[in-house]
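Remarks on the structure that follows.
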Amino acid sequence: MRNKLLIILLCIPFLLLGCDENQIETNTPDIPNVEAEAEADVDHDESQEDEINSSTENNSNENDNKVEAEELELLKVHYIDVGQGDATLLQFSDNDENYTILYDTGDWKGNEVVPYLQQQNVNFIDLVIISHPHADHIGQLKNVIDHFDVGEIWMTGNTANTKIFQSTIEAVMNSDADYDEPTAGDAFDIGALEITILHPKSLTGDLNEDSLSARFTYGNISFIFTGDAYKNGEKQMLQRTSEIQADFLQLGHHGSSTSSDKQFVKAVQPKYAIYSAASNNSYGHPHVETVELFDELNIPLFGTDVNGTIIVTTDGTTSEISTEKDGDVEKKVRADTGKQAEKKQQAPTSESTSKDCIDINSATEEELQNIKHIGPARAKDLIQLRPFESVNQLTRINGIGEGRLGDIMEENKACVN
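Going by our numbering, the first residue of the sequence shown is number -6, and it counts up by one from there.
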């Protein structure tokens, strides 16, 4: 593992490594096309039948065709309030063994994850899954590794040209954790929890689009996480498998309109939808279009910006959701939208500002090259590193130091709207 991780530091993609068979048992069945007439059952090793007797079938919100689940210990899924980032903790017990899984680790500027895990009496983490190497998802992994022993770490194999990514990979390399790069179709059993990888099948190099997406099934209750995958990635998931239904869906890309394709959401048929975002964030997450979609589909929507940390508790048959704060996402988003519209009406117009400002979070590759010191290569890097909270963060781009940043600031073309 050390040699393979060292290769990453040289910007060569990760190689696949196997999981520790003593900890996580794996199946890698072929996932059928959604148009296939029938699916082949996945054979389970007889040695696991006493440990895991639960199974799931594609079902509807009316719970049609659900099988009777074995009596399970409670699973708690904590959607941790980490501001403008993502971090979800899963905790459960099986046959007197405690299991802890962490999906994403929050933003690099925060320090919420380790204290929260300590509050939940976590002392060992069986598995950390990083959806993609952007700083708001991988950001606190180094701190997690510094404070807890970790059994395994899964990533996509994509790399990022950032200090936070480099320091995190060094921490992974120096840890005793095993490493793997699962792809769509891989299946894993951790105690009574089944994990099926939905995406990606192969890498495109787009960090968001390649987000490591998974379906977690506990008895008859399922959860889906898609990182920052876009609508195109969601459509690919639909093409690969019909086993996509889930009771709880974490919205892609913090509730952005770039994710949550209508057909994808209708296929998942979630009873509840949850997103993670910071209150009054500069990206407008969740976007109005996303909130309206879930209102149209009559799916209750919860968000960490409104509700704080959100906890789902399930015994594999029934589930309940609790929130740190009371609040209505739809009402808040509509109120914020009204305030923004009012501000725009009152704000003085400035032709020079609208003409000269190049928003580094939304500009095209060609438009970005109009900024001083941003050529074709750096424009590609900039797009890969989005989003930026301020122009000052352009120093994350290789070759942009304080001197060149000063030139860019003086030119006054680059901005963050």
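Think of the CB as a built atom: it goes at the ideal place given N, C-alpha and C, for glycine as much as any other residue.
*Under the three-state reduction of DSSP, which class applies to residue 255: helix, strand or coil?*
DSSP, reduced to helix, strand and coil, places residue 255 within a helical segment of the structure shown.
*Taking just the CA atoms, how far does residue 94 sit from residue 84?*
Roughly 7 Å separates the two Cα atoms.
*For the alpha helix (DSSP H) that contains residue 107, what are its first and last residues?*
Start and end: 106 to 112.
*Contact between the stretch 140 to 151 and the stretch 165 to 172: three or more CB pairs below 8 Å?*
With a cut-off of 8 Å, the stretch 165 to 172 and the stretch 140 to 151 count as touching, because enough Cβ pairs lie within range.
*Please name the residue, chosen from 273, 281, 379, 408, that lies closest to residue 350 on a Cα-to-Cα basis.*
Closest by alpha carbon: 408.
*Between the C-alpha atoms of residue 125 and residue 192, what's the straight-line distance to the nearest angstrom?*
The straight-line gap from Cα to Cα measures roughly 12 Å.
*Residue(s) in a DSSP beta bridge with residue 70*: Partner(s): 83, 305.
_So the candidates are 305, 323, 316, 290; which of them puts its Cα closest to the Cα of residue 279?_
Ranking the options by Cα distance to residue 279, first place goes to 323.
*Closer than 8 Å to chain B by CB, residue 320*: Of the protein chains in the structure, only one exists, and it is not chain B.
_Meets three-Cβ-pair contact criterion under 8 Å: the stretch 95 to 113 and the stretch 65 to 84_ = Touching, yes, given that three or more Cβ pairs across the two stretches are closer than 8 Å.
_Status (buried if at least 16 other CB within 10 Å, exposed otherwise) for residue 229_ = Counting every other CB atom within 10 Å of its CB across the protein chains shown gives residue 229 a total of 16 or more, marking it as buried.
*asked:* Looking at the secondary structure, which residues open and close the alpha helix (DSSP H) in which residue 269 lies?
replied: Per DSSP, residue 269 is not a residue of any alpha helix (DSSP H), being assigned neither H nor E.
_Straight-line gap, residue 266 to residue 208 (C-alpha atoms, nearest Å)_ = Approximately 14 Å between the Cα atoms of the pair.
*For the stretch 115 to 194, which segments carrying the beta strand (DSSP E) assignment without a break, of at least 3 residues, lie completely within its bounds, in sequence order?*
Listed in chain order, the beta strand (DSSP E) runs fully inside the stretch 115 to 194 are 117 to 122, 142 to 147, 171 to 173, 180 to 183, 186 to 192, counting runs of at least 3 residues.
_Burial state of residue 117, where buried means 16 or more other Cβ atoms lie within 10 Å_ = So residue 117 ends up on the exposed side.
_Considering Cα atoms alone, identify which of 136, 271, 281 is closest to residue 111._
Distances from the CA of residue 111 to each of 136, 271, 281 were compared; the closest alpha carbon is that of 136.
*Buried versus exposed, by CB contacts within 10 Å (16 or more), residue 380*: Under a 10 Å Cβ-count criterion, residue 380 is classified as buried, with 16 or more other Cβ atoms of the shown protein chains found around its own Cβ.
*Quick one: any contact between the stretch 201 to 219 and the stretch 159 to 166, if contact means 3 or more CB pairs under 8 Å?*
No: fewer than three Cβ pairs fall under 8 Å.
*Would you call residue 344 buried or exposed, if buried means 16 or more other Cβ atoms sit within 10 Å of its Cβ?*
Any answer about residue 344 is weak, because its pLDDT of 41 lies below 50 and its placement is not dependable; what the coordinates show is given next. Exposed.
*Put residue 238 into one of helix, strand or coil per three-state DSSP.*
In the structure shown, the three-state DSSP call for residue 238 is coil.
*Rounded separation between residue 286 and residue 258 - CA only*: Just so you know, the alpha carbons of residue 286 and residue 258 end up roughly 9 Å apart.
*Leaving out the 5 sequence neighbours to the left and right, which residues in its chain are closer than 6 Å to residue 393 when beta-carbon positions are compared?*
Sequence-distant Cβ neighbours of residue 393 in its own chain, meaning closer than 6 Å and more than five residues away, are 387.
*Comparing alpha-carbon positions, which option in 186, 190, 174 lies nearest residue 180?*
Nearest to residue 180 by C-alpha distance, out of 186, 190, 174, is 190.
_C-alpha gap between residue 154 and residue 182, whole angstroms_ = Rounded to the nearest angstrom, the two C-alpha atoms are 33 Å apart.
*If you follow the alpha helix (DSSP H) that residue 91 is part of, which residue opens it and which one closes it?*
Segment 90 to 98 is the beta strand (DSSP E) holding residue 91; no alpha helix (DSSP H) there.
_Rounded distance between the beta-carbons of residue 357 and residue 211, thought under 8 Å_ = Not a contact, Cβ separation roughly 43 Å.
_Buried or exposed, going by whether 16 or more other CB atoms sit within 10 Å of the CB of residue 67?_
With fewer than 16 other Cβ atoms within 10 Å, it is exposed.
*Locate the beta strand (DSSP E) running through residue 313, then write down its first and last residues.*
312 to 316 is the span of the beta strand (DSSP E), which, as asked, contains residue 313.
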